[in-house]
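Participant:
Protein chains: 2
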Amino acid sequence: MHKHFFTPGPSGLYYTVEQHIKKALKTGIGSISHRSSSFKEIYREVDSNLRALLNLPDNYTVIFTNSATEVWDLSAQSLVAEKSLHIVNGAFSEKFYKTVNNSNKTALLTESEWGTFPEIDYNLVKQADHIAITHNETSTGVSTPLETIYKIREANSEAIISVDAVSSLPFLDIDYSKIDALYVSVQKCFGLPAGLGVWLVNDRVLKKAEEVNKGIKEMKSYHNIMDLAKYAADFQTVSTPNVLNIYLLSQVSADMLNRSIQMIRSEIRYKAAVFYKMIDSHSKLRPFVSEKPLRSETVIVLSSGEHTKNIIEYLAEKNMIIGTGYGKHKTDHVRIANFPTHSKEQFEMLTDLVEKW
Amino acid sequence: MHKHFFTPGPSGLYYTVEQHIKKALKTGIGSISHRSSSFKEIYREVDSNLRALLNLPDNYTVIFTNSATEVWDLSAQSLVAEKSLHIVNGAFSEKFYKTVNNSNKTALLTESEWGTFPEIDYNLVKQADHIAITHNETSTGVSTPLETIYKIREANSEAIISVDAVSSLPFLDIDYSKIDALYVSVQKCFGLPAGLGVWLVNDRVLKKAEEVNKGIKEMKSYHNIMDLAKYAADFQTVSTPNVLNIYLLSQVSADMLNRSIQMIRSEIRYKAAVFYKMIDSHSKLRPFVSEKPLRSETVIVLSSGEHTKNIIEYLAEKNMIIGTGYGKHKTDHVRIANFPTHSKEQFEMLTDLVEKW
């Protein structure tokens, strides 16, 4: 029997990926040059599909990166002029903070305990010229309310707002006119193999990057946002990319469009609602995030304490692989991905098993 | 009918790749975390296979990068103290030169026309603390004689010698005790999909990198050789890598070991000899590299002049896809890859077709 991966990233592959890989092998996608017109055609297609899927405004550019880690690095270099504010409530938001803090820019911090969301300090918001918000903290299962992001924008309309949607896009339905940059890793909700990041940036970001780097002769790295965007405008990449994954993203985004993004989002909401309802009255497990509006619908984190090993092993026997906790909670949390690839049937089965356990 | 890709990178996939991808899909390799013990196991395996395949000494570390372009960047940062000498005779050796030249280090140059190899200036060799040699210029089809590399080492045993083996490894059979660093892209001779670089570095490189970066607080990039090597020592990566490709490399390197690397090398030599013998008396095509000992056996470049479009189209009709020339020779050269995946039968058929054309 096939194993079902509910790990929060990489997770199960999107259910159409296998057929797309087989087609790619047949048609020689693995052998095309990233300087060929065939590659440009694939880039053009993924660009157009993502725009439709996400309702992305025309002033955004679709850039490919190696990973989200690279985006932190390139953002510190080019999106921050002096001060970057980081809303930190878990391991990944903290990593972005540390990247900027280790650079020659100033990193400001608004922080709260894991599993919660901090009170926003609007004095800091007003000081910053770049604000980093993690929409979905994959380490804790806390989801940032969109109204909070929009309020931050209202409080400082000049700053560049960068959103980490690594484990929530394309479930996340955000108003792109109220942010400036957003990045995602394809091995989460898009259900692709690991090894590709997507960075969506608007024209304000590119203009600022030019200003921030003005007079700087030596770029920090072979990848910098100006070159990446310049090549992207021509559906090209600066260096050899993960061509196969870019092709798979073009196909999976087309599949998601065909299925309808509204349907995909509503199914995720349904699966999350069913699971959270069950878990609220569970005798051994409880949601790590106590405040209900903050509970992520795509990455469900449970306090499992002494039962952690048991529940993971019990589900593994049924071929359902869930994730351990992250970092300091590796042994007393479990994390369950609720991504587009996880069908209602699979998720209901998982919910039943956890309930009966 | 399946197309046969003789393009010099990406080229045809190694003939076992399809079955390994299918197995990877079945066993969930696409869904494992790069922080899991399963990933470490894969890294350990590829590390051990590459050591056996290449006869790599114990003082080398096997590092994964995003691409060769990244290696140029990281080398400029950490492998060069003050002066880097670049032997430039084509587009790729020139790109490495430019990377260092755009950095805060000094780039020295020994250069020759495309299709030739420069007279080495041993005064420059002695001045440099880092020497960059492109073993196989993919843009021109010139292969550097190994004796030249070893002589450079003798003339300056202190300098770090970096070898670009992007389109020749594992055909290249080099004495690793006479160089210090070597990098390869997996979409060439290894026959994998694009999107992974492998960087082999010895302990002298790591020691020098520590010294070069001593006192530097802010690393240039999220990837730097010290962190990459530190993680590699524990069979880990700094950021999310192309896990699927690392798995495929572990499998393909095992296949190559089973087949025997001697056999693979001798087949490549045989195919090259047959092709060059035929082309020497061809009426419309001639080898771009006139000096026979410099002719690459893995990337055969032909001066095709006005016949370029014709020969490419003629072979494409027979489902044999060869490459255009590179850069300024895009329309008057063709390039033909002779990699481990190209069987003797395929290559003999290609040779026959070109002969009769």
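So the protein sequences, as listed, match chains A and B. Mapped onto my numbering, the consecutive letters of the first sequence carry residue numbers 1011 to 1367. Mapped onto my numbering, the consecutive letters of the second sequence carry residue numbers 1011 to 1367. Even for Gly, the Cβ is constructed at its ideal location relative to N, Cα and C. Since we're looking at a predicted model, the values are computed, not measured.
Report yes if the CB atom of A/T1154 is closer than 8 Å to the CB atom of A/V1299, and no otherwise.
Facilitator: One-based indexing of the first sequence puts residue 1154 of chain A at position 144. One-based indexing of the first sequence puts residue 1299 of chain A at position 289. In this structure, A/V1299 does not lie closer than 8 Å to A/T1154 by Cβ.
Participant: Apply the 10 Å Cβ neighbour rule to B/T1247 and answer buried if 16 or more other Cβ atoms are within range, or exposed otherwise.
Facilitator: On the second sequence, position 237 is the one that residue 1247 of chain B refers to. Buried.
Participant: For the alpha helix (DSSP H) that contains A/S1085, what are its first and last residues?
Facilitator: Counting from 1 along the first sequence, the entry for residue 1085 of chain A is found at position 75. It spans 1078-1088 - the alpha helix (DSSP H) in which A/S1085 sits, taken as one unbroken run.
Participant: So what does DSSP say about A/P1303, is it helix, strand or coil?
Facilitator: For the purposes of this step, residue 1303 of chain A is taken as the residue at position 293 of the first sequence. Helix at A/P1303.
Participant: Residues of the stretch 1106-1135 of chain B with a CB closer than 8 Å to any CB of chain A: list them in chain order, please.
Facilitator: Answer set for the stretch 1106-1135 of chain B: T1109, N1112, S1113, N1114.
Participant: Going by other Cβ atoms of all chains shown within 10 Å of its Cβ, with 16 needed for buried, is B/I1226 buried or exposed?
Facilitator: As a working mapping, residue 1226 of chain B is identified with position 216 in the second sequence. Exposed is the call here.
Participant: So is A/D1273 buried or exposed if we call it buried at 16+ other beta carbons inside 10 Å?
Facilitator: In the first sequence, the residue the question calls residue 1273 of chain A occupies position 263. For the sequence presented, residue 1273 of chain A should be read as Met rather than Asp. A/M1273 is exposed by the Cβ-count criterion.
Participant: Take B/R1214 as the anchor and find which of B/D1139, B/R1296, B/S1276, B/C1199 has the nearest alpha-carbon.
Facilitator: Within the second sequence, residue 1214 of chain B is the residue found at index 204, counting from 1. Nearest option by C-alpha distance: B/D1139.
Participant: Under 8 Å between the Cβ atoms of B/V1176 and B/V1152?
Facilitator: As a position in the second sequence, residue 1176 of chain B is number 166, starting the count at 1. As a position in the second sequence, residue 1152 of chain B is number 142, starting the count at 1. For B/V1176 and B/V1152, no; Cβs fall outside 8 Å.
Participant: What do you reckon, are the CB atoms on B/V1309 and B/T1361 nearer than 8 Å?
Facilitator: On the second sequence, residue 1309 of chain B is found 299 positions in, with the first residue counted as 1. On the second sequence, residue 1361 of chain B is found 351 positions in, with the first residue counted as 1. No. Outside cutoff.
Participant: Leaving out five residues before and five after B/Q1137 in sequence, what residues of the same chain have Cβ atoms less than 7 Å from its Cβ?
Facilitator: Translated into positions along the second sequence, residue 1137 of chain B becomes position 127. Contacts found: K1093, L1118.
Participant: What are the residues of the stretch 1039-1058 of chain A that lie near chain B, defined by any Cβ-Cβ distance shorter than 7 Å?
Facilitator: Cβ contacts with chain B: G1040, S1041, I1042, S1043, H1044.
Participant: What's the call for B/E1051, buried or exposed, on a 16-neighbour Cβ count within 10 Å?
Facilitator: Locating residue 1051 of chain B in the second sequence gives position 41, where the first residue counts as 1. That one is exposed.
Participant: Contact criterion: CB-CB distance below 8 Å. Does A/E1370 meet it with respect to chain B?
Facilitator: Because chain A here runs from 1011 to 1367, residue 1370 of chain A falls outside it and cannot be looked at.
Participant: What in chain A is Cβ-close to B/G1022, meaning under 7 Å?
Facilitator: For the purposes of this step, residue 1022 of chain B is identified with residue 12 of the second sequence, where counting begins at 1. The answer, in chain order, is S1041.
Participant: Whose CA, out of B/P1018, B/K1013, B/D1083, lies closest to the CA of B/Y1336?
Facilitator: To locate residue 1336 of chain B, count along the second sequence from 1; it is residue 326. Minimum Cα distance to B/Y1336 is reached at B/P1018.
Participant: Could you name the residues of chain A that B/Y1241 contacts, counting a contact when the two beta carbons are closer than 7 Å?
Facilitator: For the purposes of this step, residue 1241 of chain B is taken as residue 231 along the second sequence, with counting starting at 1. None at all; the shortest Cβ gap to chain A is about 12 Å.
Participant: Looking at chain B, is there any beta carbon in it that lies within less than 8 Å of the beta carbon of A/G1205?
Facilitator: As a working note, residue 1205 of chain A is residue 195 in the first sequence. Yes, A/G1205 lies at the interface with chain B (some Cβ there is under 8 Å from its Cβ).
Participant: Check each residue of the stretch 1255-1287 of chain B: if its Cβ is closer than 8 Å to any Cβ of chain A, include it; give the result in chain order.
Facilitator: Taking 8 Å as the Cβ-Cβ cut-off against chain A, the residues of the stretch 1255-1287 of chain B that qualify are N1255.
Participant: Taking the alpha carbon of B/T1071 as the reference point, which residue from B/E1080, B/N1329, B/K1240, B/M1359 has its own alpha carbon closest?
Facilitator: Translated into the one-based positions of the second sequence, residue 1071 of chain B becomes position 61. Per the Cα distances, B/K1240.
Participant: Going by the beta-carbon positions, is the gap between B/T1144 and B/I1097 smaller than 8 Å?
Facilitator: Here residue 1144 of chain B refers to the residue found at position 134 when the second sequence is read from its first residue. Here residue 1097 of chain B refers to the residue found at position 87 when the second sequence is read from its first residue. Result yes, Cβ atoms of B/T1144 and B/I1097 sit closer than 8 Å.
Participant: Going by beta carbon distance, what residues of the same chain come within less than 8 Å of A/L1202, once the five residues before and after it are set aside?
Facilitator: For the purposes of this step, residue 1202 of chain A is taken as residue 192 along the first sequence, with counting starting at 1. Only L1023, Y1024, V1027, V1196, N1255, L1258, L1259, V1262 meet the Cβ criterion.
Participant: Cβ of A/P1350 less than 8 Å from any chain B Cβ?
Facilitator: Locating residue 1350 of chain A in the first sequence gives position 340, counting from the first residue. It does not; no Cβ of chain B falls within 8 Å.
Participant: Under 8 Å between the Cβ atoms of B/L1192 and B/V1173?
Facilitator: As a working note, residue 1192 of chain B is residue 182 in the second sequence. As a working note, residue 1173 of chain B is residue 163 in the second sequence. Contact flag set, yes.
Participant: At what residue ranges does the stretch 1127-1168 of chain B contain a whole run of the alpha helix (DSSP H), taking only runs of 4 or more?
Facilitator: Within the stretch 1127-1168 of chain B, the complete alpha helix (DSSP H) runs of at least 4 residues are 1132-1137, 1156-1165.
Participant: From the DSSP secondary-structure annotation, give me the bridge partner or partners of B/L1095.
Facilitator: Here the question's residue 1095 of chain B lines up with position 85 in the second sequence. B/L1118, B/I1141.
Participant: Output the boundary residues of the beta strand (DSSP E) element that contains B/F1357.
Facilitator: Walking along the second sequence from the start, residue 1357 of chain B turns up at place 347. From DSSP, B/F1357 is part of no beta strand (DSSP E) but of the alpha helix (DSSP H) over 1354-1366.
Participant: From A/F1245 to B/A1282, what distance separates their C-alpha atoms?
Facilitator: Within the first sequence, residue 1245 of chain A is the residue found at index 235, counting from 1. Within the second sequence, residue 1282 of chain B is the residue found at index 272, counting from 1. In a straight line, the C-alpha of A/F1245 is about 36 Å away from that of B/A1282.
Participant: Note down, in chain order, every chain B residue with its Cβ under 7 Å from the Cβ of A/T1017.
Facilitator: As a working mapping, residue 1017 of chain A is identified with position 7 in the first sequence. Residues of chain B passing the Cβ test: S1041, S1043.
Participant: Counting contacts by CB-CB distance shorter than 8 Å, is B/E1080 in contact with chain A?
Facilitator: The residue given as residue 1080 of chain B occupies position 70 in the second sequence. Closer than 8 Å to some Cβ of chain A, the Cβ of B/E1080 qualifies, so yes.
Participant: Determine the extent of the alpha helix (DSSP H) in which B/R1269 is found, giving its start and end residues.
Facilitator: Start at 1 with the first residue of the second sequence, and residue 1269 of chain B comes out as number 259. 1253-1269 is the span of the alpha helix (DSSP H), which, as asked, contains B/R1269.
Participant: Grab me the residues of B/P1128's own chain with a C-beta within less than 7 Å of its C-beta, minus the 5 sequence neighbours each way, in chain order.
Facilitator: Working through the second sequence from its first residue, we reach residue 1128 of chain B at position 118. I1097, N1099, T1120, E1121, S1122, listed in sequence order.
Participant: Output needed for B/C1199: all residues of its chain with C-beta closer than 7 Å, excluding positions within five of it in sequence on either side, in chain order.
Facilitator: Position 189 of the second sequence, counting from 1, holds the residue named residue 1199 of chain B. The answer, listed in chain order, is S1177, S1178, L1179, P1180, F1181, T1308, F1349, P1350.
Participant: Does A/Y1160 come within less than 8 Å of chain B when only Cβ atoms are used?
Facilitator: Within the first sequence, residue 1160 of chain A is the residue found at index 150, counting from 1. Not closer than 8 Å to any Cβ of chain B, the Cβ of A/Y1160 fails to qualify, so no.
Participant: Of the choices A/H1352, A/M1266, A/V1253, whose alpha-carbon is the least far from that of B/S1021?
Facilitator: Here residue 1021 of chain B corresponds to residue number 11 of the second sequence, with the count starting at 1. Of A/H1352, A/M1266, A/V1253, the residue nearest in Cα terms is A/V1253.
Participant: From A/L1089 to B/D1083, what does the alpha carbon distance come to, in whole angstroms?
Facilitator: Numbered from 1 along the first sequence, position 79 holds the residue referred to as residue 1089 of chain A. Numbered from 1 along the second sequence, position 73 holds the residue referred to as residue 1083 of chain B. About 21 Å.
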